[in-house]
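For reference, the structure is listed below as structure tokens.
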Amino acid sequence: MPDAQKKALRRWRGNLRHRQREESRAADPRSDEKATGATSDRGVEAPRLDREAVVSLADRIRLLLQDAARAGTTVTWGDLRRRTGGALPFLHPDDQGEVLVVVDQHTPPDEPLLSALVAGADLSPHGLYRHIRFSHGRERVPDASLEMHWRMEVLELFQLWRHR
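Per numbering that gives the first Met the number 0, the very first residue in the sequence shown carries number 0; after that it's consecutive.
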């Protein structure tokens with residue numbers, strides 16, 4: 000099998016595993032209890048952030064995402080944590096969403112959201128991508144075309160930020 004097909008197969012397998020995990024969480028009534036707290040590497044629940052801390056982190060992350068857009072690359076939360084020198088704490092999932100919404104609070108409606116550059120570990124759209132679009136009043140993208148739409152937005156961001 001050619002390398003390109005192997006790479007695509009690995010990506011689709013990762014997407015399938017992710018969807019299976021999401022479906023199993025939805026089927027397990029206890030999953031809501033498990034998902035309410037984010038935990039760090041040490042198993043300690045991440046504390047919730049106040050508005051000032053969210054805005055401060057969003058400002059730092061916005062600069063990193065602008066640099067990533069100029070470089071033509073996506074980043075994961077782990078990449079962001081490394082690039083901040085550990086200054087980005089382990090965040091509760093709701094706080095991650097809030098930070099990314101604030102990152103794009105001044106993004107013009109005719110431009111893709113800068114937070115689209117935050118990818119999942121398998122280089123697919125981050126799980127919060129749909130939430131962030133909704134929070135900014137963007138139109139809903141059907142599940143079947145979500146990944147392709149995300150990829151097109153990422154490419155458009157690369158083009159917009161290449162000379163900014």
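Note that beta-carbon positions come from the ideal geometry of N, C-alpha and C, so glycine has one too. For clarity, every value in this text was computed on a predicted model and none was experimentally measured.
Return yes when the Cβ of residue j is within less than 8 Å of the Cβ of residue i, no when it is not.
| i | j | result |
| --- | --- | --- |
| R69 | R137 | no |
| W149 | A115 | yes |
| V100 | S134 | yes |
| F157 | G71 | yes |
| V98 | L113 | no |
| E155 | P111 | yes |
| T73 | A67 | yes |
| L127 | R10 | no |
| L79 | I60 | yes |
Compare the C-alpha of residue i against each of the options and name the closest.
| i | options | result |
| --- | --- | --- |
| Q95 | L145, K6, P1, V117 | V117 |
| P46 | H125, R81, D93, D109 | D93 |
| A120 | K5, M0, Q4, R16 | R16 |
Using only the alpha-carbon positions, how far apart do residue i and residue j sit?
| i | j | result |
| --- | --- | --- |
| Y105 | L63 | The sequence as given places His at residue 105; Tyr does not occur at that position. Spanning the two alpha carbons is a distance of roughly 16 Å. |
| L8 | D49 | 41 Å |
| N14 | A52 | 32 Å |
| R132 | R139 | 8 Å |
| D58 | P88 | 14 Å |
| M151 | G77 | 23 Å |
| R176 | R12 | The question about residue 176 has no answer, for the chain in this structure spans 0 to 163. |
| D2 | R82 | 30 Å |
| P107 | H125 | 21 Å |
| A86 | M0 | 43 Å |
| K5 | R20 | 23 Å |
| D142 | Q65 | 27 Å |
Just list the alpha helix (DSSP H) runs in the region 105-150, keeping only unbroken ones of 4 residues or longer that don't cross its boundaries, in chain order. 128-134
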